[in-house]
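Trainee:
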Amino acid sequence: MLKKESQNLEIDNLDIDILKQLMQDATKPYTEIAKDLIVSGGTIHVRMKKLQEMGIIKGSHLMIDPQKAGYDICAFLGIYLEKGIQYKDAVAQLSKIKEVVELHYTTGAYSMFAKIICRDTNHLRHVLNEEIQAVEGIQRTETLISLEESIRRQIEL
Numbered sequence: 001m002l003k004k005e006s007q008n009l010e011i012d013n014l015d016i017d018i019l020k021q022l023m024q025d026a027t028k029p030y031t032e033i034a035k036d037l038i039v040s041g042g043t044i045h046v047r048m049k050k051l052q053e054m055g056i057i058k059g060s061h062l063m064i065d066p067q068k069a070g071y072d073i074c075a076f077l078g079i080y081l082e083k084g085i086q087y088k089d090a091v092a093q094l095s096k097i098k099e100v101v102e103l104h105y106t107t108g109a110y111s112m113f114a115k116i117i118c119r120d121t122n123h124l125r126h127v128l129n130e131e132i133q134a135v136e137g138i139q140r141t142e143t144l145i146s147l148e149e150s151i152r153r154q155i156e157l
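Residue numbers (full-length UniProt numbering): 1 to 157.
(1) Would Arg47 be called buried (16 or more neighbouring beta carbons within 10 Å of its own) or exposed?
(2) When you compare only the Cα positions, how much space is there between Tyr80 and Cys118?
(3) Kindly indicate which residue of Glu136, Ser40, Glu10 and Val101 has the alpha-carbon position closest to the one of Tyr71.
(4) By the three-class DSSP mapping on this structure, what secondary structure does Ile145 have?
(5) DSSP three-state label for Leu77, please.
(6) Ignore the nearest five residues each way along the sequence and tell me which others in Ile18's own chain have a CB closer than 8 Å to its CB.
(7) Roughly how many angstroms lie between the CA atoms of Gly78 and Lys20, to the nearest whole one?
(8) If you drop the 5 nearest sequence neighbours on each side, which residues of the same chain put their C-beta closer than 6 Å to that of Gln93?
(9) Does the beta-carbon of Leu19, which I'm using as the reference point, lie nearer than 7 Å to any heavy atom of the ligand MN?
(10) Determine the direct distance from the alpha carbon of Ile145 to that of Ile85, and round the result to whole angstroms.
(11) DSSP puts Ile38 in a beta bridge; with which residues?
(12) Scan the UniProt domain "HTH asnC-type" (11-72) and note each continuous alpha helix (DSSP H) run of 4 residues or more that stays entirely inside, going in chain order.
(13) DSSP three-state call for Arg125: helix, strand or coil?
(14) Helix, strand or coil: which one does DSSP assign to Asn109?
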């Protein structure tokens with residue numbers, strides 16, 4: 001059993017089974033999940049509300065294929081900050097750049113590590129030179145272009 005100490009709430013095997021089904025298909029109706037798990041639809045609603053309140057479920061998202069939507073470049077960006085104290089301000093500025101789809105505060109060589117999605121190399125150059133390098137506190141960046149996404153998945157419960 002997983003336990004969230006701050007609220008002293010626990011999730012049990014039914015919660016995990018609900019999460020597994022929705023992680024495979026977030027559009028699956030609660031009534032279908034209830035039927036599969038041999039419980040009432042109301043039970044699924046109550047459990048989902050609990051999981052949301054606990055912060056285990058952060059929302060649901062529609063996943064698109066960026067390439068099919070015209071975004072052919074996926075790049076990872078190692079970001080060096082001038083000073084660690086500039087992290088929060090840099091995050092605020094980077095969050096305004098729509099091409100930045102993930103951002104992590106990291107240990108190791110980089111202060112931050114970002115995933116960016118662009119239409120093509122010209123778009124990538126513009127985002128790097130005109131937008132990201134313009135963020136106050138960013139000293140320099142290193143760009144790695146992804147040639148292929150081989151694995152993409154959620155954590156398995």
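Yeah, the Cβ is synthetic: ideal placement off N, Cα and C, and Gly gets one too.
This structure is a prediction, so every number in the text was calculated from the model and none was measured.
Mentor: Looking at the coordinates:
(1) With 16 or more other Cβ atoms within 10 Å, it is buried.
(2) Rounded to whole angstroms, Tyr80 to Cys118 spans 21 Å at the Cα level.
(3) Nearest C-alpha to Tyr71: Val101.
(4) Looking at Ile145 - three-state DSSP - the assignment turns out to be strand.
(5) Leu77 carries a strand assignment under DSSP once its states are collapsed to helix, strand and coil.
(6) Closer than 8 Å at the Cβ level, and outside the excluded window around Ile18, lie Ile33, Leu37, Ile44, Arg47, Met48 and Leu51.
(7) A direct Cα-to-Cα measurement between Gly78 and Lys20 gives close to 33 Å.
(8) The beta carbon of Gln93 sits closer than 6 Å to the beta carbons of Val135 from its chain, once the five residues preceding and following it are set aside; these are given in chain order.
(9) The ligand MN is absent from the structure shown, which contains no ligands of any kind.
(10) Linking Ile85 to Ile145 through their CA atoms gives a straight-line distance of about 28 Å.
(11) Partner(s): none; Ile38 has no beta bridge.
(12) As for any alpha helix (DSSP H) of minimum length 4 sitting wholly inside the UniProt domain "HTH asnC-type" (11-72), the runs are 13-24, 30-37 and 41-53, ordered along the chain.
(13) Helix, per DSSP.
(14) Looking at the sequence provided, one finds Ala at residue 109 rather than Asn. Coil, per DSSP.
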